[in-house]
Amino acid sequence: MQNPEATRLDHVQHYWDHGYAVIRGLFSPDEMQAVQAESRRIYAEGLKHHATYRDRNVLFEILPESFAGQRYVLQAHWVAWFSPLFEKIRRDPHVLAVMAPLLGQDIKQVAQQIHWKPPGATRRTGYRFHQDLRFRERQDVYRDLMTSYINTGLAIDPATTANGCLRIFPNSHQRGYLGLSDDGPIMKGSTQDHELIAAGLDPQQAIDIELAPGDLALWGLLTVHGSNANTSAKDRAFAIQSYVRASTSDRGEWAFRDGKSVQLGDEPKICKYEQLHEKPGPFYSEDRWFESEDGR
Ligand SMILES: O=C(O)CCC(=O)C(=O)O
Ligand SMILES: [Fe+2]
């Protein structure tokens, strides 16, 4: 199915109507070349770790050689703490222009993650369909949900059907919370059709959000989305950044205050990682979630 495209001007309406929007070419090819080079540097940094590594909000999610024969980096979180370029990207004026009509002028950021899908790591590069509300405390008011938290995905590499681009169910934000993938981790292969049908979704209605480097996709807490494993020879680096209306959250790092871009402070704030103060790290995680076989 064709990917309906939202222009810069109508992304707000498209988001309201369909639960997501795509802004083409938000960052220029020159800007993206620098981001691609930085993303490769960060990947190489991640490869130095034999297992998943955390240092405060910074995390490298590692698929070790014991599982896949070779070491792969699947995610890096809060790279802004060691990457000046990503520290700027997260609070870039382009981002404010997209977010302010939805979240206002006072915006915090609760997630910054690069997701890679290295060819060879295919079995664990899929994200089962879910609604991001599963990661958040539940709130009841739909309008507030849609304009308190917005997730964005910036294509670093071209994102295609073959390398596992984001997939979205348009209009699914109108269906309430459906409980998809609540039974386990989302990085565990792909959702079976019968699970979607049981949740009242027609598997045929999912669309591929193919993106060129510099394109930005945004989606809400109730929008059903996921992505397939990479079956191609090309990686898919994707920068996910989540923003909240500051007045609705005591979590997150300031991104924009009164419409002005705010640098990271001296100390990290609690974002998604609840144990930030009790267990700041650095440490390696023993969690071997990737080993469990569930037939997916
Ligand atoms: O990287 C992807 O394709 C999707 C990731 C996602 O939806 C998430 O981390 O919540
Ligand atoms: Fe998600």
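Using the numbering used here, the letters of the sequence shown correspond one by one to residues 843 to 1138. For glycine and all other residues, C-beta sits at the position ideal for the given N, C-alpha and C.
Counting C-beta neighbours from all protein chains within 10 Å, is the total for residue i 16 or more, i.e. buried, or is it exposed?
{"i": "Glu1120", "result": "exposed"}
{"i": "Ser1023", "result": "buried"}
{"i": "Tyr1019", "result": "exposed"}
{"i": "Pro1110", "result": "buried"}
{"i": "Glu1037", "result": "buried"}
{"i": "Lys1102", "result": "exposed"}
{"i": "Gly968", "result": "buried"}
{"i": "Pro956", "result": "Correcting the residue identity first, residue 956 is Ile in this sequence and not Pro. Buried is the call here."}
{"i": "Ile1051", "result": "buried"}
{"i": "Ala1040", "result": "exposed"}
{"i": "Thr1003", "result": "exposed"}
{"i": "Gly1068", "result": "buried"}
Quick check on the DSSP output: the beta strand (DSSP E) that includes residue i runs from which residue to which?
{"i": "Leu873", "result": "Correcting the residue type first, residue 873 is Glu in the shown sequence and not Leu. Careful: Glu873 lies outside any beta strand (DSSP E), inside the alpha helix (DSSP H) at Pro871 to Gly888."}
{"i": "Ser908", "result": "From DSSP, Ser908 is part of no beta strand (DSSP E) but of the alpha helix (DSSP H) over Glu907 to Ala910."}
{"i": "Ala918", "result": "Tyr914 to His919"}
{"i": "His1119", "result": "Here His1119 belongs to no beta strand (DSSP E), and DSSP marks it neither H nor E."}
{"i": "Phe971", "result": "Tyr969 to His972"}
{"i": "Leu1181", "result": "The structure shown has nothing for residue 1181, since the chain only spans 843 to 1138."}
{"i": "Arg1009", "result": "Leu1008 to Ile1010"}
{"i": "His957", "result": "Ile949 to His957"}
If you check the beta carbons only, do residue i and residue j fall under 8 angstroms apart?
{"i": "Gln1083", "j": "Thr994", "result": "yes"}
{"i": "Val921", "j": "Ile865", "result": "no"}
{"i": "Asp1057", "j": "Gly867", "result": "yes"}
{"i": "Tyr1047", "j": "Glu929", "result": "Note that residue 1047 corresponds to Gln in the displayed sequence, not to Tyr. Not in contact: Gln1047 and Glu929 (Cβ atoms no closer than 8 angstroms)."}
{"i": "Pro961", "j": "Asn1072", "result": "yes"}
{"i": "Leu1064", "j": "Leu975", "result": "yes"}
{"i": "Phe1098", "j": "Leu927", "result": "no"}
{"i": "Lys950", "j": "Ser1091", "result": "yes"}
{"i": "Met988", "j": "Gly1062", "result": "yes"}
Name, in chain order, the residues that DSSP records as bridge partners for residue i.
{"i": "Thr994", "result": "Leu1060 and Gln1083"}
{"i": "Tyr1126", "result": "Tyr895"}
In the DSSP assignment, find the alpha helix (DSSP H) that holds residue i and state where it starts and stops.
{"i": "Tyr857", "result": "His853 to His860"}
{"i": "Phe1132", "result": "Careful: Phe1132 lies outside any alpha helix (DSSP H) and carries neither H nor E."}
{"i": "Glu929", "result": "Pro926 to Ile931"}
{"i": "Leu944", "result": "Pro935 to Leu945"}
Less than 8 angstroms between C-beta atoms, sequence neighbours within five positions excluded: which residues of the same chain meet that for residue i?
{"i": "Arg913", "result": "Leu889, His892, Ile904, Leu905, Pro906 and Glu907"}
{"i": "Ala801", "result": "For residue 801 there is no data in the structure shown, the boundaries of the chain being 843 and 1138."}
{"i": "Pro871", "result": "Pro1055 and Gly1056"}
Once the 5 residues before and after residue i are set aside, which same chain residues still bring their CB inside 6 angstroms of it?
{"i": "Val1066", "result": "Phe971, Gln973, Phe1011 and Ser1014"}
{"i": "Tyr862", "result": "Ile1010, Trp1061 and Thr1065"}
{"i": "Met874", "result": "Pro1055 and Gly1056"}
Give every residue of the same chain whose Cβ lies closer than 7 angstroms to the Cβ of residue i, excluding the five residues on either side of it in the sequence, and list them in chain order.
{"i": "Ala1054", "result": "Ala997 and Pro1000"}
{"i": "Leu1118", "result": "Arg898, Asn899, Pro1110 and Ile1112"}
{"i": "Met843", "result": "For Met843, the pLDDT reaches just 34, beneath the cut-off of 50, and the residue's location in the model is therefore unreliable, leaving the point undetermined."}
{"i": "Gly946", "result": "Arg1087"}
{"i": "Pro1027", "result": "Trp1131"}
Is the closest heavy atom of ligand 3 to the C-beta of residue i under 7 angstroms?
{"i": "Asp1108", "result": "This structure lacks ligand 3; the ligands present are ligand 1 and ligand 2."}
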